[in-house]
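Numbering of the sequence shown is given in numbering that gives the first Met the number 0, commencing with residue 0 and proceeding in unit increments.
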Amino acid sequence: MSHKVQMTPVKINPNHRIGIMADSHGRVQTLSSALTFFREYGCEVIYHLGDICDSAHPETADHCVSLLNQNNIFGIKGNNDHQVVVNHEGRQNAHLASTTIEYLKNLPMVIELGNTVMAHSLPFVKERGLSSMVGVLGHSEATLFFRTYPHKVLFRGHSHHPEILRQEKHTLVTHKILPGETIQVADLKPCIITCGALDQGFLMIWEPGRQTLCCHSFM
C-alpha cells in the first residue's frame with residue numbers, strides 16, 4: 000500500500016471542528032482510540048503534530064502511518080519520525096515498508112494557515128533546521144515567536160503537558176490547561192499552545208469559528 004502525505008489545505012474553514020494531537024509515540028491502539036474520539040466529537044479535520052512513531056519501537060510505524068492515511072490525517076514531522084527515517088532508509092534489512100519511510104521523510108516540519116502555525120516544537124525551520132523539532136521553548140524562543148508572529152497562535156507538541164504561553168506586556172505567562180477546560184483563544188493572541196502528549200491521553204479540539212479550544216483526556 001502506498002502512503003501519501005496529505006496536502007495541507009490552503010486555509011482553515013471556520014465552520015470546521017478540528018482535532019489536534021501529538022506525541023503518540025508509536026502506540027497504535029492509543030492512536031486508533033484518539034481517531035475514534037475525534038470522529039465521535041464531529042471533527043472534520045485532524046492534525047498530528049509529530050512523533051507519530053517512536054524510534055525505540057519502529058515495528059509499529061507501518062501501522063501508525065496506515066492509520067493516518069486511512070483517516071486523511073494531516074501530519075507534521077517530529078524528531079522520532081525523523082530518527083526512524085535515519086535509522087531505516089536505504090537499509091536492506093529494514094523492517095519497515097519503504098512507503099512508510101517515504102511518508103515520514105516527506106512530512107512537513109511546519110504548517111502555516113492564516114493566523115495559525117503548527118510545528119512539533121519550534122517553527123523556526125529556516126533558522127534552526129532539524130533542531131527546531133527538539134528545541135526547548137525557552138524565554139528567548141517564545142519572545143522570538145511573539146515578535147515574528149504578533150497576531151498568530153502556535154500549536155505545538157514535544158512538551159507532553161497541555162499549557163498555553165502568552166505575553167502580557169513584557170512578561171511571559173504560562174497557564175496549565177486541564178482536561179475539560181475550554182480556552183477562549185481570541186482573547187490571548189498571540190499565544191503558544193502545547194497540546195499535550197497523546198500517549199498520556201491528552202488531545203485538543205479547536206473550533207476556529209468560535210475561537211475556542213478544549214482540552215480532553217480520553218484515557
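Backbone N, C-alpha and C define an ideal beta-carbon position, used for all residues, glycine too.
Nothing here was measured: the structure is a model prediction, and the numbers come from that model.
Taking the C-beta atoms as reference points, histidine 2 is found no nearer than 8 Å to valine 27. With the rule of 3 Cβ pairs closer than 8 Å, the region 181-196 counts as touching the region 157-171.
Membership of threonine 170 in the beta strand (DSSP E) is indicated by the continuous run 170-175. Cβ-Cβ distances below 7 Å link histidine 81 to Leu129, Met132 in the same chain, with the five nearest sequence neighbours on each side left out; the list follows chain order. Assigned with DSSP and collapsed to three states, leucine 67 falls in helix.
When the five nearest sequence neighbours on each side are left out, the beta carbons in the same chain lying within less than 6 Å of the beta carbon of asparagine 79 are those of Asp50, Cys52, Asp53, Ser54, in order along the chain. Lysine 175 and histidine 160 have their C-alpha atoms some 8 Å from each other. When the beta-carbon positions are compared, methionine 117 and phenylalanine 154 come within less than 8 Å of each other.
If you keep only unbroken alpha helix (DSSP H) runs of at least 4 residues inside the region 4-76, you get 27-39, 60-69. The beta strand (DSSP E) runs of length 3 or more contained entirely in the region 135-212 are, from start to end of the chain, 152-155, 162-167, 170-175, 181-183, 190-193, 201-206. Collapsing the DSSP output to three states places glutamate 111 in a strand. Pairwise C-beta distances place the region 41-50 out of contact with the region 83-101, as fewer than three of them are shorter than 8 Å.
Between phenylalanine 73 and leucine 202, the CB-CB gap reaches or exceeds 8 Å.
In terms of CA proximity to glutamine 69, Ser31 leads the group Gly77, Ser31, Leu212. Rounded to the nearest whole angstrom, the C-alpha separation of threonine 115 and alanine 93 is 37 Å. In this chain, leucine 121 is not harboured by any alpha helix (DSSP H), its DSSP state being neither H nor E. In this structure, glycine 156 keeps its C-beta atom at 8 Å or more from the C-beta atom of glycine 208. According to the DSSP assignment, glutamine 91 belongs to no alpha helix (DSSP H), since it is labelled neither H nor E. Measuring C-alpha to C-alpha distances from proline 13 to each of Pro122, Phe217, Gly113 identifies Gly113 as the nearest. When Gly18, Ala33, Glu58, Leu67 are compared, the shortest CA-CA separation from valine 44 is found for Gly18.
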